[in-house]
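A.B. asks:
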Amino acid sequence: MSLPFITDQTYNNKDFSKLDLPKAEYDNCTFINCNFNNAYLSSISFLDCQFLDCDFSNCKTKNTTFKEVTFKNCKLLGVLFNDCNQLLLSINFNKCVLSFAHFYKVKLIKTLFKNSIFESTDFTQANLTESTFDNCDLKAAIFNNTTLEKVDFTTSFHYSIHPEQNKIKGAKFSKTQIKGLLECYNIHIL
Numbered sequence: 001m002s003l004p005f006i007t008d009q010t011y012n013n014k015d016f017s018k019l020d021l022p023k024a025e026y027d028n029c030t031f032i033n034c035n036f037n038n039a040y041l042s043s044i045s046f047l048d049c050q051f052l053d054c055d056f057s058n059c060k061t062k063n064t065t066f067k068e069v070t071f072k073n074c075k076l077l078g079v080l081f082n083d084c085n086q087l088l089l090s091i092n093f094n095k096c097v098l099s100f101a102h103f104y105k106v107k108l109i110k111t112l113f114k115n116s117i118f119e120s121t122d123f124t125q126a127n128l129t130e131s132t133f134d135n136c137d138l139k140a141a142i143f144n145n146t147t148l149e150k151v152d153f154t155t156s157f158h159y160s161i162h163p164e165q166n167k168i169k170g171a172k173f174s175k176t177q178i179k180g181l182l183e184c185y186n187i188h189i190l
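At position 174 of the sequence shown the residue is numbered 174 (full-length UniProt numbering), and the sequence of numbers has no breaks.
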């Protein structure tokens, strides 16, 4: 059964935490100041959509498709991106809070993470090749067996990445934040 197709719509100040967003394929839609807190977005498709000033905290994303989607000024606390449809997953974040989100085994090649907070976010076994973390706070973010080849961390901070437990060939780091690569060796940098 195919989903209804909704295109070129703008949703302002909608509360989908109480009334679920109808299951459909949303193409080129914009969601502004909408509340998706604890909402069920399972099996919904978002194609070329923008989410501005929205709250997605703890929403359910089982088989949700996010293709060419931008989140700006959004709160995405605890979102399980590993539950999303991985086949077409393509997202960018700007000025978002993604603390406690999960990207376990997620493939996000050339993704832009900009001016965002990833406190205690789990990137275990994710593939983030050629992505950019531009001015992001990665305090207590989990990188374990993560592919970080050619990832740009030069303007990000508070990360702790074990070089022997992650693939970091060609990744870029700032000299001032190099301690985030050396903490695991229990050495002192003065």
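Just so you know, even glycine gets a beta-carbon here, dropped at the ideal spot from N, CA and C.
If you follow the beta strand (DSSP E) that Lys-67 is part of, which residue opens it and which one closes it?
C.D. replies: 65-67 is the extent of the beta strand (DSSP E) around Lys-67.
A.B. asks: If you drop the 5 nearest sequence neighbours on each side, which residues of the same chain put their C-beta closer than 7 angstroms to that of Lys-105?
C.D. replies: Hits under 7 angstroms: Asn-82, Gln-125, Ala-126.
A.B. asks: Less than 9 angstroms between the C-beta atoms of Ile-91 and Phe-123, yes or no?
C.D. replies: Cβ distance not < 9 angstroms, so Ile-91 and Phe-123 don't count as in contact.
A.B. asks: Taking its Cβ as the centre, do 16 or more other Cβ atoms sit within 10 Å of Ile-117, making it buried, or is it exposed?
C.D. replies: Label assigned to Ile-117: buried.
A.B. asks: How big is the Cα-Cα spacing for Asn-137 and Gln-177?
C.D. replies: The residue you asked about is not Asn; residue 137 is Asp in the sequence shown. Approximately 12 angstroms, taken between the alpha carbons.
A.B. asks: Need the endpoints of the beta strand (DSSP E) that Lys-114 sits in, please.
C.D. replies: Counting along the chain, the beta strand (DSSP E) containing Lys-114 begins and ends at 112-114.
A.B. asks: Using a Cβ-Cβ cut-off of 6 angstroms (strictly less than) and excluding sequence neighbours within five positions of Lys-114, which residues of its own chain qualify?
C.D. replies: Only Asn-94, Asp-134 meet the Cβ criterion.
A.B. asks: Of the choices Ala-171, Lys-169, Lys-172, Tyr-159, whose alpha-carbon is the least far from that of Leu-182?
C.D. replies: Minimum Cα distance to Leu-182 is reached at Tyr-159.
A.B. asks: How many Å lie between Gln-86 and Glu-25 at the Cα?
C.D. replies: Answer to the nearest angstrom: the Cα atoms are 16 angstroms apart.
A.B. asks: Sort Glu-164, Gly-170, Asn-144 by Cα distance to Thr-154 and report the nearest one.
C.D. replies: Per the Cα distances, Gly-170.
A.B. asks: Where do the N-terminal and C-terminal ends of the alpha helix (DSSP H) with Leu-182 fall, by residue?
C.D. replies: 179-182 is the extent of the alpha helix (DSSP H) around Leu-182.
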